[in-house]
Amino acid sequence: GGAFTGATQARRGLLQQASGGTAFLDEIGDVALAMQVKLLRVLEEKKVTPVGSNQAVAADFRLVAATNRNLEDMVRQKSFREDLYYRLSTFRIDLPPLRERGDDVILLAKHFLNRFSNATRYQFAPETLDELRSRKWHGNVRELRNAVEHAAILSRSGTILPSALPSPVLPSGSAASPTGDLAGVVNQWLQSREGKNEPGLLNQFMETIEPILFQHALEVSGGNRSEAAQLLGIHRQTLREKLRRYDMDPSGD
Numbered sequence: 006g007g008a009f010t011g012a013t014q015a016r017r018g019l020l021q022q023a024s025g026g027t028a029f030l031d032e033i034g035d036v037a038l039a040m041q042v043k044l045l046r047v048l049e050e051k052k053v054t055p056v057g058s059n060q061a062v063a064a065d066f067r068l069v070a071a072t073n074r075n076l077e078d079m080v081r082q083k084s085f086r087e088d089l090y091y092r093l094s095t096f097r098i099d100l101p102p103l104r105e106r107g108d109d110v111i112l113l114a115k116h117f118l119n120r121f122s123n124a125t126r127y128q129f130a131p132e133t134l135d136e137l138r139s140r141k142w143h144g145n146v147r148e149l150r151n152a153v154e155h156a157a158i159l160s161r162s163g164t165i166l167p168s169a170l171p172s173p174v175l176p177s178g179s180a181a182s183p184t185g186d187l188a189g190v191v192n193q194w195l196q197s198r199e200g201k202n203e204p205g206l207l208n209q210f211m212e213t214i215e216p217i218l219f220q221h222a223l224e225v226s227g228g229n230r231s232e233a234a235q236l237l238g239i240h241r242q243t244l245r246e247k248l249r250r251y252d253m254d255p256s257g258d
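Given below as structure tokens:
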């Protein structure tokens, strides 16, 4: 991170904290050129100057960087520094796209489904597994995760049917796929009720959507419940009660 109002040297930067260990930078291809220069300097000098200080401190760490962009093309287009590219390419692992990784799709889909399962324990119908295998997954793991979360929201029972999956994401340059915005998801959920008109419709919907929102807030906040409650716009006590209600609070904290 960069400098911010009121910053002091009392707060150690992430790269400083990583000294002696490993730092992981996701989407390195999205880093601005100005920041690339600073990162290269840190990697070569193994030192970093904390915000609010004029003294460099040791920052000797192993760097693992990931991207889904073509860095060679970016180097040619002058949008990624060539010297940083070669500095990062000491040991390179090229992961094949998800569609070429066989049953990894199913293993990952089941992993994500377990994460989204709370009061309801979900499972995929056999035909849904076939659909997951057949898709191209142009958005790779992120698309798969979003598709599973979407299906968990829409499913009325513990079995995920193919109809609960969103439309596939089209490759870049293709016509836009359906947006899958929130209103569309709600409408699909209503349609999945097959014309049933039981009382308590709002409560049923909230019981479907709230656990997913709470899980997301906890992940974003790193498990800090005060920050998660602030993100959700509710009191911490309310969040604690909701987590207990949905059996998402095994610690009882």
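Residue 6 is where the sequence shown starts when you use my numbering, and the numbers rise one by one after that.
Think of the CB as a built atom: it goes at the ideal place given N, C-alpha and C, for glycine as much as any other residue.
About 15 Å separates the CB atoms of L159 and A114; that is not less than 8 Å, and the two are not in contact. In this structure, DSSP gives R67 an extended state, which the three-state scheme calls strand. Under the DSSP assignment, L149 falls outside any beta strand (DSSP E), being part of the alpha helix (DSSP H) whose first and last residues are N145 to L159.
In the three-state scheme derived from DSSP, where H, G and I count as helix and E and B as strand, V80 is classed as helix. Contact check for S24 and D65: beta-carbon distance about 6 Å, within the 8 Å limit, so the pair qualifies.
Counting the other Cβ atoms within 10 Å of the Cβ of P216 gives 16 or more, which makes it buried.
DSSP, reduced to helix, strand and coil, places T243 within a helical segment of the structure shown.
In the three-state DSSP reduction, K141 falls in the coil class, being neither helix nor strand.
At a Cβ-Cβ threshold of 8 Å, R86 and L38 count as neighbours.
In the structure shown, the three-state DSSP call for Q60 is coil. The three-state secondary structure of L166, taken from DSSP, is coil. Shown here, L48 sits in a helix according to DSSP, grouped into three states. Residue range T27 to L30 is occupied by the beta strand (DSSP E) that includes F29.
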